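In my numbering, each residue's number is its place in the sequence shown (first place is 1) plus 361.
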Amino acid sequence: MARNKRHGFKSFSSLKRKENHLETKKLFIVACEGEKTEPNYLNSLFDYLKRERKIAQGSFIIAGHKHSDPCGVLSDLLSAPHYSDLFDEKWIVIDRDEVMVTKKGGSGHTKENFCRAISKAKDLGVEVAWTNPCFEFWIVLHFNYRDTACNRKEMQELARKLLIDKHILVASDSIETMKSREDLFVALLPYKENAVRNATHLMNDKEDEKPEDCNPGTKFHILIQNLEKSINNL
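This is the structure:
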């Protein structure tokens, strides 16, 4: 049986809602589009909660990563072992990630792929923590409220500079270094409530906008809020 590196499926028969007097109201499974940033952030979150004895081992699972497009991420989730009968909340974390062509080639995915993933997820009862243009916007919201559009590269660079300003990164750190940080949630924890407030405010103002047109926008804070409700405050 395939295992995720840090939160693998070891023995589903042994997964219980109580472990060492820790009770989790819900079991979560999340599949991520990103191979580094999003899983690193969530793994940092889960490790923090386990150290603080707020969750039991196996309460939150990250599905194996095989695809980097929204529809593929949904496929990763649906193909996870015991997807349908074990987990109470099922999520995909995806970006709008508009196609960009540079000297090094193209990257990103189509609007149709993004929209189709959201539509199919809704039909299947899967929640979608989408961000437009990219996950790094969630990082930006920890420090600044922002409602002006920009592309993925600009948002990633802004996130990098803000992390440098807060001494979470050093000036020589690259965007790739930022993506590879394995303690990102803990590093950003003092600013988490600010991020949730900023995201809530922004999305209340943009409630009539479609996800594919909502730049900038995010629903990642909903995932965080649902996790918080499950453990009675993070």
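Note that CB positions come from ideal geometry on N, CA and C, so glycine has one too. All values derive from a computational prediction rather than experimental measurement.
Could you give the first and the last residue of the continuous beta strand (DSSP E) run that contains residue i?
i    : result
D456 : 450-456
N493 : 488-493
F421 : 421-423
Could you round the C-beta distance between residue i and residue j to whole angstroms and report it? I think they count as a contact, below 8 Å.
i    : j    : result
W491 : A556 : Not confirmed; about 16 Å, so no contact.
E573 : C476 : 6 Å
L388 : S440 : Incorrect: roughly 18 Å between the Cβ atoms, too far for contact.
I453 : V489 : 6 Å
H582 : Y552 : Actually they do not touch by this definition, with Cβ atoms about 13 Å apart.
Using the rule of at least 16 other Cβ atoms within 10 Å of the residue's Cβ for burial, across every protein chain shown, is residue i buried or exposed?
i    : result
M539 : buried
R414 : exposed
T398 : buried
P577 : buried
L410 : buried
N401 : buried
D569 : exposed
P494 : buried
D437 : buried
T579 : buried
K347 : Here the chain comprises residues numbered 362 to 595, so residue 347 is not present and cannot be evaluated.
Cα separation between residue i and residue j?
i    : j    : result
H470 : M461 : 9 Å
Y506 : E554 : 12 Å
I423 : D484 : 21 Å
L524 : I455 : 22 Å
V487 : Y444 : 11 Å
L588 : E518 : 28 Å
R457 : E515 : 14 Å
N565 : E537 : 32 Å
E459 : L549 : 26 Å
R521 : L563 : 21 Å
L383 : I479 : Confidence at L383 is low in this model, with a pLDDT of 47, below 50, so the placement of that residue should be treated as unreliable; the coordinate-derived value is given next. Approximately 33 Å between the Cα atoms of the pair.
T561 : K590 : 16 Å
E473 : E497 : 22 Å
D446 : H428 : 23 Å
G395 : R513 : 13 Å
S508 : S468 : Correcting the residue identity first, residue 508 is Asp in this sequence and not Ser. Distance between the alpha carbons of D508 and S468 is about 24 Å.
A417 : G425 : 20 Å
A392 : S533 : 31 Å
For the alpha helix (DSSP H) containing residue i, list its first residue and its last residue.
i    : result
I479 : 472-485
F407 : 398-412
I416 : Counting along the chain, I416 falls outside any alpha helix (DSSP H), and DSSP gives it neither H nor E.
C393 : Careful: C393 lies outside any alpha helix (DSSP H), inside the beta strand (DSSP E) at 389-393.
I358 : Any property of residue 358 remains undetermined from this structure, which presents the chain solely from 362 to 595.
G469 : First-last for G469: undefined, no H or E at that position.
R513 : 513-526
R558 : 553-566
P431 : 431-439
D446 : 444-447
L588 : 581-592
ask   = Any contact of the segment 432-445 with the segment 523-531, i.e. 3+ C-beta pairs under 8 Å?
value = Touching, no.
Are the segment 533-548 and the segment 399-410 in contact at 8 Å, needing three or more beta carbon pairs? Contact holds: three or more Cβ-Cβ distances are below 8 Å.
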